[in-house]
Amino acid sequence: MTLPRRSLLAAAPALVASALAAPRAARAQAGAGRVVIIGGGFGGASAARFARDRFPQLDVTLIERSRSFTTCPYGNLVLAGRRDMASITFGYERLAARGVRVVHQAAVAVDAQAKRVRLADGAQVPYDKLIVSPGIDLRWGAIEGYDEAASARMPHGWIPSLQPISLLAAQLRAMPDGGVFVMVIPDNPFRCPPGPYERISMVAEYLKRHKPRSKIIALDAKNGFSKQPLFQDAWAELYPGMVEWRGASNDGRVVRVRPAEMEVETEFGDRVKGDVINVIPPQMAASIAREAGLAAASGWCPIRPTTFESAQVPDIHVLGDATVAAPMPKSGFAASSHAKHAVACIAAALSGRPAPPAVFFNTCYSHVGDDYGISIVGVFRGTPERIIEVEGAGGISPRNEVLGARAREFRRLEALYADGWYDAITNEMFS
Amino acid sequence: MRLAASVLTLGLLAAAPAPAQAPDAALLAGACQGCHGVAGEGGHGIPSIKQQQTRAEFVAAMRAFRGNERPNTVMGRITRGYTDAEIAALAAHFAKPE
Ligand SMILES: Cc1cc2nc3c(=O)[nH]c(=O)nc-3n(C[C@H](O)[C@H](O)[C@H](O)COP(=O)(O)OP(=O)(O)OC[C@H]3O[C@@H](n4cnc5c(N)ncnc54)[C@H](O)[C@@H]3O)c2cc1C
């Protein structure tokens, strides 16, 4: 590896740890190879941990531009005032101690011919197999007037490394009682299908407690959404009269924003003013994936459903939100499922074995109130043509009317188990 | 597109050019670890599944969830996604060593 001085110094403790955990003898084992991972989020960190635990013959380098990782999950609880930023922020020290070479640089280019990654400081990192899990970028300008400057007035709060959720939280705290919180929600596909609706719920919980005369207006570019009956039951029960949700057929699609006037405009010209405006714009795979030639015209990266190898560039696996993996949602749990499978496929390929059977999994819990949680589950299988959801499995948790007398306890347990999920998955990545 | 697990297994066998493969327990376990913890230790009310039961007990528990014969919030929806062979592999991974 030809790292310049600065990167070498930064990576030095990791290199030492790596040498301890993976002695030379191990590296000479059958099936050895250099696995380089771009992006240390849900996909990348899970891949690094799984590779270290399960395949000691692999040499693992993780390229992550940030020194710490703040999760999107539980960011909505920061809005509600139930969590602080420190409790959703993690470091890479433990991954390094496990023998992952962690390099805190941005990857700026991939040379798929020479099989190496160029870093922002000019260093070149060679690979045998590359994993790319860089998450998403926002499509600035897709909504007229919504560019990076506008996002300071009208925060997105959708990519923690670009804009911490604390910005939107501060605006919510400063909002007067009786104010209007406007949320602009994109069409599919986008990061975390239930995320905007969990956010509505957590903002409502905060408003109910601190600014009960306020309102939430959600303007949505589609006509239905994830876990819709469960969310709408909860809004009616917990926050009556506070949440107004308008779908596309009810002129919910926002086409223009005017940050100076704190106003958004819909497809048919309705102008809606807000005291706080949260714009979640349309999205695409993050720039490094697009620049590496991994994305299709849609802006998302097609993969082979049996291995998560890029359908466009050999020896590169793409994971997580950047991929076209429907019917799997763009979720952290899904990204970690992609990650483990891709690492196993890489280990198999390097030692000349067939890829393991492709079984994928997702659960997304959402907090919608105090002691009130809901969930959706999916089990999936990869065939050569597509990813298939297993019929009869998965789905959303039962509605309260079905649960009857058990409803309260069920919702309490789902909120509790959501915390269990959060600890389990973040521990796996970062402890 | 959705397919039943049983139909699906047959379909995969028919479509796959490679010979049928045994389930990969460590990979399947990845799904469980996302809630039960890396070692299956549990937390926040999610029960430990780390060597708590014999294999037979573990399989029986998973089957009871699958048939909704055992109260659950989420395990019924999960277990219905896995074949008997996969559940056996998970039992070997998480249950008491034999
Ligand atoms: C409000 C909200 C709530 C959510 N709640 C849940 C939930 O409850 N459950 C759930 O499963 N999912 C949830 N999600 C979705 C989850 O956050 C994403 O699906 C997940 O982060 C995707 O993982 P990823 O690896 O694709 O990308 P990320 O986790 O975003 O990781 C990408 C990483 O790559 C780095 N990176 C990007 N480009 C480069 C480069 N060129 N060089 C170096 N590093 C780079 C970034 O800094 C980042 O650390 C939520 C999302 C939101 C917005």
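Chains as they are written, first to last, in this note's numbering: chain B, 976 to 1406; chain S, 62 to 159. Positions of the beta carbon are idealized from the N, C-alpha and C atoms, including for glycine.
Assigned secondary structure, residue i (DSSP; H/G/I helix, E/B strand, else coil)
| i | result |
| --- | --- |
| B:TYR1392 | helix |
| S:THR134 | coil |
| B:ARG1313 | Before going further, note that residue 1313 of chain B is His rather than Arg in the sequence given. Here B:HIS1313 sits in helix by DSSP. |
| B:GLU1123 | coil |
| B:ARG1386 | helix |
| B:ILE1400 | helix |
| B:GLU1068 | helix |
| B:PHE1025 | helix |
| B:CYS1255 | The sequence given here places Ile at residue 1255 of chain B; Cys does not occur at that position. Note: B:ILE1255 maps to coil in three-state DSSP. |
| B:THR1036 | strand |
| B:ALA996 | Confidence at B:ALA996 is low in this model, with a pLDDT of 44, below 50, so its placement is unreliable and no value can be given for it. |
| B:PHE1156 | strand |
| B:VAL1075 | coil |
| S:ALA117 | helix |
| S:PHE155 | helix |
| B:THR1241 | strand |
| B:ALA1149 | helix |
| B:ARG1362 | With the sequence shown as reference, residue 1362 of chain B is identified as Ile, and Arg is not the correct amino acid for it. Correct three-state label for B:ILE1362: strand. |
| B:ARG1002 | Any answer about B:ARG1002 is weak, because its pLDDT of 45 lies below 50 and its placement is not dependable; what the coordinates show is given next. Helix. |
| B:GLY1370 | strand |
| B:SER1043 | strand |
| B:ALA1261 | coil |
| B:PHE1030 | coil |
| S:ARG124 | helix |
| B:GLY1016 | coil |
| B:ILE1140 | helix |
| B:ARG1381 | helix |
| B:PHE1165 | coil |
| S:ILE148 | helix |
Distance between residue j and residue i (C-alpha atoms, nearest Å)
| i | j | result |
| --- | --- | --- |
| B:ALA1084 | B:ILE1134 | 21 Å |
| B:LEU1194 | B:ALA1127 | 20 Å |
| S:ASN133 | S:PHE126 | 7 Å |
| B:MET1404 | B:VAL1053 | 21 Å |
| B:ALA1382 | B:ASP1112 | 39 Å |
| B:VAL1171 | B:VAL1377 | At residue 1171 of chain B the sequence reads Pro, which differs from the Val that was named. Roughly 25 Å between the two C-alpha positions. |
| B:ALA1390 | B:SER1189 | 25 Å |
| B:ARG1080 | S:ALA156 | According to the sequence provided, residue 1080 of chain B is Gln. The question's Arg does not apply to it. The straight-line gap from Cα to Cα measures roughly 42 Å. |
| B:ALA1000 | B:GLU1360 | Because B:ALA1000 sits at a pLDDT of 44, beneath the cut-off of 50, its placement in the model cannot be relied upon, and the point is left open. |
| B:GLU1039 | B:SER1136 | 11 Å |
| B:ASP1394 | B:GLN1088 | 44 Å |
| B:PRO1109 | B:ALA1297 | 7 Å |
| B:ALA1149 | S:VAL135 | 39 Å |
| B:ASP1290 | B:GLN1146 | 45 Å |
| B:ARG1027 | B:GLU1219 | 48 Å |
| B:PRO1302 | B:ILE1349 | 20 Å |
| B:ASN1402 | S:GLY98 | 8 Å |
| B:ILE1252 | S:LEU88 | 42 Å |
| B:LYS1090 | B:ALA1271 | 21 Å |
| B:VAL1107 | S:ALA86 | 25 Å |
| B:PHE1200 | B:GLU1173 | 11 Å |
| S:ALA100 | S:LYS111 | 6 Å |
| B:ALA997 | S:GLU118 | Here B:ALA997 scores only 44 on pLDDT, less than 50, and its place in the model should not be relied on; the value that follows carries that caveat. C-alpha separation (whole angstroms): 38 Å. |
| B:GLY1295 | S:CYS93 | 18 Å |
Heavy atom of ligand 3 within 7 Å of residue i beta-carbon
| i | result |
| --- | --- |
| B:LEU1194 | Absence of ligand 3 from the depicted structure is noted, with ligand 1 being the only ligands included. |
Interface positions of the stretch 83 to 101 of chain S facing chain B (Cβ-Cβ less than 8 Å), listed along the chain: PRO84, ASP85, ALA87, LEU88, LEU89, GLY91, ALA92, GLN94, GLY95, CYS96, HIS97, GLY98, VAL99
If you pair each beta-carbon of the stretch 1224 to 1232 of chain B with each one of the stretch 1240 to 1248 of chain B, do three or more pairs fall below 8 Å? yes
Check whether the stretch 1335 to 1343 of chain B and the stretch 1169 to 1185 of chain B touch, using three or more Cβ-Cβ pairs below 8 Å as the test. yes
Check whether the stretch 1033 to 1047 of chain B and the stretch 1003 to 1020 of chain B are in contact - that is, three or more C-beta pairs closer than 8 Å. yes
Uninterrupted beta strand (DSSP E) stretches inside the stretch 1171 to 1219 of chain B (no shorter than 3 residues): 1190 to 1195
According to a CB-to-CB cut-off of less than 8 Å, which residues of the stretch 98 to 129 of chain S neighbour chain B? GLY98, VAL99, GLY103, GLY104, HIS105, GLY106, ILE107
Ignoring anything shorter than 4 residues or poking outside the stretch 1273 to 1353 of chain B, list the alpha helix (DSSP H) runs there in chain order. 1307 to 1325
Indicate whether the contact test is met: 3 or more Cβ pairs, each with one atom in the stretch 1274 to 1286 of chain B and one in the stretch 1330 to 1338 of chain B, closer than 8 Å. yes
Between the stretch 1116 to 1131 of chain B and the stretch 1092 to 1099 of chain B, do at least 3 Cβ pairs fall closer than 8 Å? no
Where in the stretch 80 to 105 of chain S do unbroken runs of the alpha helix (DSSP H), each at least 4 residues long, occur, reported from the N-terminal end onward? 86 to 97
Closer than 7 Å between beta carbons: that is the criterion. Which residues of the stretch 1375 to 1401 of chain B meet it against chain S? PHE1385, LEU1388, GLU1389, LEU1391, TYR1392, ASP1394, GLY1395, TRP1396, ASP1398, ALA1399, ILE1400
Can we say the stretch 132 to 150 of chain S touches the stretch 1363 to 1371 of chain B, given the rule of at least three CB pairs closer than 8 Å? yes
Give, in chain order, every unbroken run of the alpha helix (DSSP H) that is at least 4 residues long and sits entirely within the stretch 1077 to 1135 of chain B. 1125 to 1128
Three or more C-beta pairs under 8 Å: does that hold for the stretch 1060 to 1067 of chain B against the stretch 1154 to 1164 of chain B? no
Going along the stretch 1028 to 1055 of chain B in order, which residues come within less than 9 Å of chain S, judged by CB to CB distance? ASP1028, ARG1029
The stretch 1028 to 1037 of chain B in contact with the stretch 1310 to 1323 of chain B per 3-pair CB rule at 8 Å: yes
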